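What follows is a set of notes on a single structure, which appears directly below.
Numbering (our numbering), first residue to last: 36 to 367.
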C-alpha cells in the first residue's frame, strides 16, 4: 500500500465525517410528529353474534389527526394532503381501499402561531369498508386490533412534487378483549427541568429551573444560554403519565403491562447528547434515562443573539404522541 496516501485519506474522511447532517437538527422541511386524538379505539364485539355495520360505526368516535411541521430553510407556503389507507412500510398499500381525507395550503410554519395542520377521520361506511378489508387480511382476525394509517404528503406550494415529504400515522381499532382492555390516551408531562452543566461534568445536583414552554414567536423572554453551553433537560412526569394496560394472548388469557415512554429531542441549532431517551427497563430492571443534554451552538456559528427552537416529542408504545415546544435564546 502507498503510505503516502494515508494522510490524504485521513483528510478526506475527516472532511466527509464533518459534512454529515445531525438528524436531531432541523435545517429543511420535516414532518416532526403526527398525533391522533384518540390514538386508538376499543369497541365491544360479541364473537358469537357479529355486530351490524351500524352498531360498529355507532361505537367509533371521530379521530383528529394533526401534524407538526417545520421548514426553516425556506420562506414559503406548503401544500399538503392526507389519505386514509392500510399501513404498508410507511406508505399506503395499493391493494386496499383509500379515502382522501383532506388537503390544503398552510402558511410558512415557522412564521405562524400554530405550525400544525389537522384533519378528522369520521366513522363512515368508507372507513368501515377499509377496516373490513384489513380484517380479512389479518391472520389473527383482529384479536390484537386492526391498524390503519393516515398518510401525509407535503411540499412547497410551487416546488417540484417529486420533492414532497411523506409521513404516516398509524391508528388502531381493537375489540375489548380482555374485558379490562381500555383505549389509550396520549401521554402528558408535568414539566421539563433545565439545569446548567459544566462543560465536561455530569452534575446530577445542578440547580434546575422549569423550562418555559411555548414558541419563539410567542415568548419575548426565553431561557437564555451563552454559546457552546450544556444544559440538561429532564422530563418530570405526572403520576398518571404511564398507563397500565391489558392485551390478549394467543392462549386465550391476557397480560398486563405498564407503558414505557420515550422522548425525541430536536432543535433548530446546536446539538443533543441523545436524540432519543426513555423506553423499557434494561435487563437488570433499571429504568431508562429520560434526560438529554442540549449544547448551544458555538459563537462562530451565530450572528448576534439567536433564538433556537426546541421540540420534544413524547411517545408511548400504544401509538400515543404528545409534543412540546420551547425557545432558547443563545447570546454571545
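Heads up, the beta-carbon is just placed ideally off N, CA and C, and yes, glycines get one too.
No experiment lies behind these values; they were computed from the predicted model shown.
**Request:** Within 10 angstroms of the Cβ of residue 42, are there 16 or more other Cβ atoms? Answer buried if so, exposed if not.
**Result:** Unreliable positioning characterises residue 42 in this predicted model, as indicated by a pLDDT of 41, which lies under 50. The coordinate reading is nonetheless provided below. Exposed, by the Cβ-count rule.
**Prompt:** Does the count of Cβ pairs from the stretch 282–293 and the stretch 336–347 closer than 8 Å reach three?
**Reply:** With contact defined as three or more Cβ pairs closer than 8 Å, the stretch 282–293 and the stretch 336–347 are not in contact.
**Request:** In the DSSP assignment, find the unbroken beta strand (DSSP E) run with residue 289 in it and report its ends.
**Result:** First-last of the beta strand (DSSP E) with residue 289: 289–293.
**Message:** Assuming residue 72 is part of the beta strand (DSSP E), what are its boundary residues?
**Reply:** Counting along the chain, the beta strand (DSSP E) containing residue 72 begins and ends at 65–72.
**7 Å CB neighbourhood of residue 333 in its chain, flanking five on each side removed** = Cβ contact annotation for residue 333 (same chain, cutoff 7 Å, sequence separation greater than five): 262 and 263, in chain order.
**Prompt:** Out of 273, 326 and 299, which has the shortest C-alpha to C-alpha gap to residue 266?
**Reply:** Closest option to residue 266, judged by alpha-carbon separation, among 273, 326 and 299: 326.
**Item:** Helix, strand or coil at residue 351 [DSSP, three-state]
**Value:** Per DSSP, reduced to three states, the secondary structure at residue 351 is coil, with no helix or strand assignment.
**Request:** Have a look at 284, 162 and 182 and flag the residue whose alpha-carbon is nearest the alpha-carbon of residue 205.
**Result:** Considering only alpha carbons, the answer is 182.
**Prompt:** Between the C-alpha atoms of residue 155 and residue 62, what's the straight-line distance to the nearest angstrom?
**Reply:** Going by the C-alpha atoms only, they are around 29 Å apart.
**Asked** In terms of residue numbering, what span does the alpha helix (DSSP H) encompassing residue 164 cover?
**Response** Taken as a continuous stretch (DSSP letters only), the alpha helix (DSSP H) holding residue 164 covers 160–171.
**Prompt:** Given residue 223, which residues of its chain have a CB within under 7 Å of its CB, disregarding the five upstream and five downstream residues?
**Reply:** Closer than 7 Å at Cβ, skipping near neighbours: 273, 276 and 357.
**Message:** Just checking: is the beta-carbon of residue 74 within a distance shorter than 9 Å of some beta-carbon in chain D?
**Reply:** The structure shown contains no chain D; it is built from a single protein chain.
**Message:** For residue 323 and residue 314, which I take to be in contact (beta-carbon distance under 8 Å), what is that distance rounded to the nearest angstrom?
**Reply:** Indeed, because the Cβ distance is near 5 Å, the residues count as touching under 8 Å.
**Boundaries of the beta strand (DSSP E) in which residue 302 is found, first to last residue** = It spans 297–302 - the beta strand (DSSP E) in which residue 302 sits, taken as one unbroken run.
**Message:** Nearest by alpha-carbon distance to residue 65: which of 83, 135, 71 and 145 is it?
**Reply:** Closest option to residue 65, judged by alpha-carbon separation, among 83, 135, 71 and 145: 145.
**Request:** Name the two residues that bound the continuous beta strand (DSSP E) containing residue 259.
**Result:** From DSSP, the beta strand (DSSP E) with residue 259 extends over 258–260.
**Prompt:** If you draw a straight line from the alpha carbon of residue 58 to that of residue 243, how long is it in whole angstroms?
**Reply:** Their Cα atoms are separated by approximately 27 Å.
**Whole-angstrom distance between residue 96 and residue 115, CA atom to CA atom** = Residue 96 has its alpha-carbon roughly 24 Å from the corresponding atom of residue 115.
**Asked** Should residue 331 go down as buried or exposed, given a rule of 16 or more other Cβ atoms within 10 Å for buried?
**Response** Taking a 10 Å sphere around the C-beta of residue 331, we find 16 or more other C-beta atoms and assign the residue as buried.
**Request:** Within its chain, find whatever has a CB closer than 7 Å to the CB of residue 251; leave out the 5 residues flanking it on each side and keep chain order.
**Result:** The answer, listed in chain order, is 257, 342, 344 and 362.
**Request:** Could you round the C-beta distance between residue 67 and residue 103 to whole angstroms and report it? I think they count as a contact, below 8 Å.
**Result:** So it is a contact: roughly 4 Å between Cβ atoms.
**Close-in-space but distant-in-sequence residues of the same chain around residue 110 (CB under 7 Å, 5 per side omitted)** = Only 143 meet the Cβ criterion.
**Span of the alpha helix (DSSP H) around residue 274** = That residue, residue 274, is in no alpha helix (DSSP H); it is neither H nor E in DSSP.
**Item:** Segments of 4+ residues assigned as alpha helix (DSSP H) that fall wholly inside the stretch 59–131
**Value:** Whole alpha helix (DSSP H) segments, 4+ residues: 88–94.
**Request:** Take residue 150 and list the residues in its own chain whose beta-carbon comes closer than 6 Å to its own, dropping the five residues that flank it on each side.
**Result:** Around residue 150: 104 and 144.
**Item:** Neighbour-count burial assignment, residue 270, 16 or more Cβ in a 10 Å radius
**Value:** Here residue 270 is buried. Its C-beta has 16 or more other C-beta atoms within 10 Å.
**Prompt:** From this set, 318, 93 and 231, which residue's C-alpha is nearest residue 158's C-alpha?
**Reply:** Of the candidates 318, 93 and 231, the one whose C-alpha sits nearest the C-alpha of residue 158 is 93.
**Prompt:** If you check the beta carbons only, do residue 100 and residue 70 fall under 9 Å apart?
**Reply:** With respect to residue 70, residue 100 sits close: the two C-beta atoms are nearer than 9 Å.
**Asked** Where do the ends of the beta strand (DSSP E) carrying residue 244 lie?
**Response** 243–245 is the extent of the beta strand (DSSP E) around residue 244.
**Prompt:** Is it right to say residue 321 is buried, meaning 16 or more other beta carbons lie within 10 angstroms of its own, or is it exposed?
**Reply:** Answer is exposed; the Cβ neighbour count stays below 16.
**Asked** Taking the continuous beta strand (DSSP E) assigned at residue 228, which residues delimit it?
**Response** Bounds of the beta strand (DSSP E) holding residue 228 are 226–232.
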